[in-house]
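Take a look at the structure below.
Protein chains: 2
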Amino acid sequence: MAPAGAVLYRNLRTFQVWGANTEVGKTVISTVLCNAARAKLKDRVQYIKPVSTGNIEDADSSHIRKFGIDRLAKHLDNTDEAFKSLCLHQYELPISPDRAAAVSNLHIPNDEALLSEIRQVLSERAELGGWAFIETAGGVHSPGPSGTSQADLYRPLRVPAVLIADSKLGGISQTIAAYESLKIRGYDVESVLLFEDDYYQNDHQLKTYFKQHGTPCKTLPKLHAPQSSKEADEELMLRYYEKHSQSPIIEEVLSHMKQRHDDRVKNLESMPSRAHNKIWYPFTQSTLLSPEKITAIDSASGDYFQTLEKKQGAESLIKSSFDGSGSWWTQGLGHGNPQLMLAAAYAAGRYGHVMFAEAVHEPALKLAETLLDYLSNPRLSRVFYSDNGSTGIEVAVKMALRAARIRYGWGPNDNLGVLGLSGSYHGDTMGAMDCSEPSTYNEKIEWYEGKGFWFSYPTVSCVDGRWTVAVPPALQDQFGSDKPFRSLADIMDLESREASREYEQYRVFITQTLKQLRVEGRRFGALIIEPIVLGAGGMIFVDPLFQRALVSVVRSSPELFADDAHFPNSANAWTGLPVIFDEVFTGLYRLGRSSAASLLQVHPDISVHAKLLTGGLLPLCATAASEDIFKAFESDDKSDALLHGHSYTAHAVGCSVAIESLEEMRTLDTTGAWDEFKSRWAGPAQESEQEAEPVWSVWSKDFVEWTSNRERVEGVWALGSVLSITLKDLQGAGGYKSTAAKDVQAALFKGDSADWNIHSRILGNVIYFMAGQTTSTATVQRVQDVLRKVLV
Amino acid sequence: MAPAGAVLYRNLRTFQVWGANTEVGKTVISTVLCNAARAKLKDRVQYIKPVSTGNIEDADSSHIRKFGIDRLAKHLDNTDEAFKSLCLHQYELPISPDRAAAVSNLHIPNDEALLSEIRQVLSERAELGGWAFIETAGGVHSPGPSGTSQADLYRPLRVPAVLIADSKLGGISQTIAAYESLKIRGYDVESVLLFEDDYYQNDHQLKTYFKQHGTPCKTLPKLHAPQSSKEADEELMLRYYEKHSQSPIIEEVLSHMKQRHDDRVKNLESMPSRAHNKIWYPFTQSTLLSPEKITAIDSASGDYFQTLEKKQGAESLIKSSFDGSGSWWTQGLGHGNPQLMLAAAYAAGRYGHVMFAEAVHEPALKLAETLLDYLSNPRLSRVFYSDNGSTGIEVAVKMALRAARIRYGWGPNDNLGVLGLSGSYHGDTMGAMDCSEPSTYNEKIEWYEGKGFWFSYPTVSCVDGRWTVAVPPALQDQFGSDKPFRSLADIMDLESREASREYEQYRVFITQTLKQLRVEGRRFGALIIEPIVLGAGGMIFVDPLFQRALVSVVRSSPELFADDAHFPNSANAWTGLPVIFDEVFTGLYRLGRSSAASLLQVHPDISVHAKLLTGGLLPLCATAASEDIFKAFESDDKSDALLHGHSYTAHAVGCSVAIESLEEMRTLDTTGAWDEFKSRWAGPAQESEQEAEPVWSVWSKDFVEWTSNRERVEGVWALGSVLSITLKDLQGAGGYKSTAAKDVQAALFKGDSADWNIHSRILGNVIYFMAGQTTSTATVQRVQDVLRKVLV
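Line by line, the protein sequences give chains F and D. Numbering-wise (full-length UniProt numbering), the first sequence opens with residue 1 and increments by one. Numbering-wise (full-length UniProt numbering), the second sequence opens with residue 1 and increments by one.
So this is what it looks like as structure tokens:
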């Protein structure tokens, strides 16, 4: 089944009718709207009641049939298709849909299935055009058949809303609260309608309120009082419809709704060319861009964008696009996640943003405590906030260099570099750029000046069905040739591998290199690495044993860095050089563990976290450091402090969302949400080990191994939610400039289904995919199935 | 009147009772809670109904009196103060409070007055301790007497909420929607209560829902059906209370509420010391910090923080603190602004965050279009997004240097510097730091390396009652001595001043300096200035004529920068050097105009905007640039692109909030919201000019001039929402390290009222204050009154 994404058809003006309360007149007003669309505008109309409870004869769809086309036929062009009324699921008991469904013997559709049914009806009507009205049941949060609140249930469709306000006592409050519940889920409320009531006059206040919110609010005349006989009632009802279906007010309402629909289409369709004129895109060569290449995103939910399809006629204008890059590696808990949204809104309502220097608020403090607990690193005791990974790295580097300089008594003008890994990348601000060796990303930047030394290293991938530690040619004299392993788990079994010859080779090589650098007079203030995987450098899976050896040598050999080298007393103090882990990409369950450091079983002195920190909603970064590093900035002089701090440092909204994200991810971890994925990766080798945390991925082991055997594939690996495929670069350009992955990317974007495709990003000849932490097995399967077709 | 801030008393457990709907039993359940607190816990109880409509005998406060202490006295310790019931405003007609108040002949309290009355009652009860229950009227959004929704009206008090859920048909939806409306305003909902109902059983679903949200939801037995006589009704009611006021469920509810109250106090009180242990503060020397110096912020609303007061006994634990630094210069539309909150939540619900490279979403596009329109600068045509002012400056510098290098044919390794102003500061990332001359902020940073030349210049302030352009001693040979002016408006009248001798002096000085730099072989790629005011450098108001002269010379003299200097054809292309305006602090109405550039009447080629961009809620930065600059990055080579882009580039939440902010500020501007402030600054000089936009401030001219005459004051200026006072530095340390302003800051923080104080930040011997764009004249007056006392 295709993902149930948003619906938008050029000629089918689709609206969803919501009630501010139960019994506010949704069905009567829906009928008026349907009739007016037929009678005044001579348009075709489709009414849909997805779920109805109670006697079928009293059901809303029957009401519409009775007072719609059948009775008013004399005014209308009565063809089969002109006016259809449909109820998808009818349960007999007049109670809430979930309870009525539960006690019935009937099929209970799950949320995705129900949405697909609605999409199917709309898709069939799209050719005919006109209007479609989808009437909800009860209030905005009344449960659907599965028990999910309707406001959440229908959200993926993101059909524009008509809100029927409550004209009775208390109705102002009910209406505004219902409006807010829709609005905060990203619904567009296009029209508010209610019955007149001379006594309560709710419309006065509501008209003012909705005018401020840019939505017209209109009244319909009050309904008659209930009559003694059903016939009398129906007679009056009929007269009501005859009279008001032709009213200029309703015509105005429909005209506004039509305008809004047309505006939405026009706006979406014009966005790429407007963006092409006004936006300066990040990491984009504008000469290679054209409006046709710009993806217009209408909205997003779960793992999917809802993107514009350039279509004429009756085809859907919106397609679901799997967010294959995790929106630049940020996504974890799904787009439009209502819990993250509520956390953000709560903090915005409680604080806005408040000053952080010498002040404290609960979200910043609680996040610091939660994060330190998460990292389970006895060295880390302090959290410094900034706004993104790049600024967080600048903070980390400022911390480390100062600590090293103070410890070793170097002067402020001694040039300090960093030690790192070839192919590393730590961000786009100048200080972060300077932490990496020259590359396509930085070498043309006027102020870039790489400050450091970067090691080459063996890498990990699955090649021709075999997990391999590949040794680059230049290192083969030192380390020998590529080494095959039985499994990824074996490669990650660092305890066993530390006893191997290769570990000693790594140590010797690193030590000799550092000695040589010392001889050359080079001076270093930090070791900075992306643990396990170098992201922007091309999704390079570094042999973890090499990273472990590097940290081990640096920590155990202070004499390689300074004359007055010494080991401090404290167990948690840094030795050799401060070790910075850039976990911006790799941390917080991206690789399946709460920290990437735990995969290496190394405790860094400074650890930088962003991206997944907020579950994929907002920029925020936390740089955690040891007390030892912190104390290097202590002095009687105010200006010895770490003089860094952005205006929105520790902004309450970001911190609140981050707390919610960390808690949700921890819950997923501890409640076994990933057990199905994990079980596919657990091999006999694993089970023999005591309590070993499995090495696992949401991408299946079989699929990874199958991919590694494709002719065009050079190597592949998967870990946590990341899948990385290196394609053979037949043009030989290599690296970031290669276009080898472009064909695959284009084929995935084209897709083979009218309903969805895959949006992905490439890094030269590497194409990668990133699931969220809440992505279902079905979605992963769906993506893998397409990949199997494209890579075959 | 003191600001009506949050209430929290150690021994008075105060809760506000809200209804998910009207007629859900708020009063009955409030009575049960009051009775149980008396009967089971033997505590004192205060019931408050701030506003009641309908017959006084039927009023909720009468109900409580009848079924509370009076009738149940036999169980209770019936003293005068043990159980009080109070209605503050009673209007006779049983309709919504705003309408009932409007038709009455009674006093209608405004929102602030009503809150003050409630605070007064609570403050008087604080000594006695026990419980206070404040019962709202109708639903959460039912209007108060002024017409403001209660959810907004009572928000400044931020009393923890008890939500009475709706047990009737549709009640699940009503309850969740009401809960969300409270939650998104920053209320803590501590308990949900409802009547049992065997038929609808709303409690089943609601208990599950609220469990997920961490709030206990409990039921009370159903009420009896209405009886034929009032006496029979009352008899049954009495029995209900007798029975259920002692129920273990209610005891459990109260016990939970007590725990939550105690936890809140404990949490707040422990925050400073926990923060002192775990937080690494920005720009803070930790040896000078102690828990006592850390301000614990409970919440914030409008212009005020709600901060912890370290008090024992019955005194209020929370004080309103005027956010004098505008939370590091970010605030514009008030803390907890519901419109910004809704904009944030809507975008979070609609998108989360979505990929921006080669994609477009409505908020990013609309913000780009809105901002470009705002800036009214024909040169600017492109917007590049990043996360904060510092990253936005790095982007601007990358843009400018590349454009200059391409135009002049310089190689990538030619060292380019920037031209700037002495005392400038552009941010904390390394590239932004390198744009400023060495200073306290950067000179100890290991990788800092100032790249450029920075001019000295005359400055503006009001000294001894006279507006003055002060010339620093080193420049007096060139420019003569300090020059007095009749008014600030005269100083800002650049058209007239361009005809003066001083303008020519400025131009000559600048030209000669640049010639000399050329002779020295220096090479520059950009002119970067903070227009009008240098913020972090110490709120330095630069003579705008000097800044104009600087831009003018740079633009008209390309031969000062390169041999192959030429003027491009396009009118909007840069000449000389690309001119960058860092408007991060000074732009977007901070200085009273939509852009600071408009005060200088200069059109920069690149303009950087952050802080107020989101009205003070979230980090976001936009760097706007000219098409000419944009085209410098065009090539067939992908790697010639501007290789910069943070993961959350153009995040939808930030962009949506920014659009809302820009629109709100524009509305304030165009609807004359600042006319009262402006009128105080309009002098006869102004009126003689045609259509001249006034130079104005929220801080009154009289007050500024009065301040300038204080003995301890060296100079003062006000512009837009900023007031800056330079104090005489009697110790002579000067600059950032000075402590001259510390006394004033401490006196303001101590305050002279139990209800509020002023939180401010200082820059050396400069103390400054920043109002928001929505700060009222009354608030400004209140702050000025205190300043007059402290500065006297």
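Here a beta-carbon is modelled for each residue, glycine too, at the ideal position from N, C-alpha and C. These numbers were taken from a predicted model, which means no experiment stands behind them.
Within-8 Å CB hit, residue i to chain D
{"i": "G170/F", "result": "yes"}
{"i": "R466/F", "result": "no"}
{"i": "V783/F", "result": "no"}
{"i": "T586/F", "result": "no"}
{"i": "V7/F", "result": "no"}
{"i": "F453/F", "result": "no"}
Residue-chain proximity (residue i, chain F), Cβ-Cβ < 8 Å
{"i": "Y589/D", "result": "no"}
{"i": "F283/D", "result": "yes"}
{"i": "H224/D", "result": "no"}
{"i": "S149/D", "result": "yes"}
{"i": "R119/D", "result": "no"}
{"i": "L618/D", "result": "yes"}
{"i": "P143/D", "result": "yes"}
{"i": "T14/D", "result": "no"}
{"i": "V792/D", "result": "no"}
{"i": "W329/D", "result": "yes"}
{"i": "A348/D", "result": "yes"}
{"i": "M770/D", "result": "no"}
Simplified DSSP assignment, three categories, for residue i
{"i": "V471/F", "result": "coil"}
{"i": "V265/F", "result": "helix"}
{"i": "A368/F", "result": "helix"}
{"i": "M430/D", "result": "helix"}
{"i": "E190/F", "result": "strand"}
{"i": "G770/D", "result": "A small fix is needed here, since residue 770/D is Met in this sequence, not Gly. Reduced to three states, the DSSP call for M770/D is strand."}
{"i": "H89/F", "result": "strand"}
{"i": "K311/D", "result": "coil"}
{"i": "G171/D", "result": "helix"}
{"i": "F83/D", "result": "strand"}
Own chain, CB closer than 8 Å to residue i, minus 5 neighbours either side, in chain order
{"i": "P226/F", "result": "D233"}
{"i": "L475/D", "result": "S456, Y457, P458, F509"}
{"i": "K26/F", "result": "V17, W18, G19, D60, E135, T136, I164"}
{"i": "S556/D", "result": "T575, G576"}
Spatial neighbours of residue i in its chain, beta-carbon cut-off 7 Å, leaving aside the 5 residues before and after
{"i": "N569/D", "result": "none"}
{"i": "H256/F", "result": "S191, P216"}
{"i": "E689/F", "result": "Confidence is the limiting factor: at E689/F the pLDDT is only 48, short of 50, which leaves the residue's position unreliable, though a coordinate-based value still follows. Nothing listed; no residue qualifies."}
{"i": "H75/D", "result": "The predicted model places H75/D with a pLDDT of 49, which falls under 50 and marks its position as unreliable; any figure quoted below should be read in that light. Cβ neighbours of H75/D beyond the five flanking positions: A39."}
{"i": "Y648/D", "result": "H353, D387"}
Whole-Å CB distance - residue i paired with residue j, under 8 Å assumed
{"i": "P272/D", "j": "V383/F", "result": "So it is not a contact: roughly 16 Å between Cβ atoms."}
>> Any C-beta of chain F within less than 8 Å: which residues of the segment 359-378 of chain D qualify?
In response: A359, V360, H361, E362, A364, L365, A368, E369, L372
>> So if I threshold CB-CB distances at 7 Å, which residues from the segment 158-191 of chain D count as touching chain F?
In response: Those residues of the segment 158-191 of chain D placed with their C-beta closer than 7 Å to a C-beta in chain F are L169, G170, I172, S173, Q174, I176, A177, A178, E180, S181, K183, I184, R185, G186, ordered along the chain.
> Taking Cβ-Cβ distances below 9 Å as the criterion, which residues of the segment 291-319 of chain D are in contact with chain F?
Replying inline: K293, I294, T295, A296, I297, D298, S299, A300, S301, F305, T307
>> Which residues of the segment 264-282 of chain D have a Cβ closer than 9 Å to any Cβ of chain F? Give them in chain order.
In response: N267, L268, M271, P272, R274, A275, H276, N277, K278, I279, W280, Y281, P282
>> By the 7 Å beta-carbon criterion, what residues does the segment 409-420 of chain D contribute toward chain F?
In response: P412, L416
>> Along the segment 645-660 of chain D, where does the CB come closer than 7 Å to a CB of chain F? Name the residues.
In response: G645, H646, S647, Y648, T649, H651, V653
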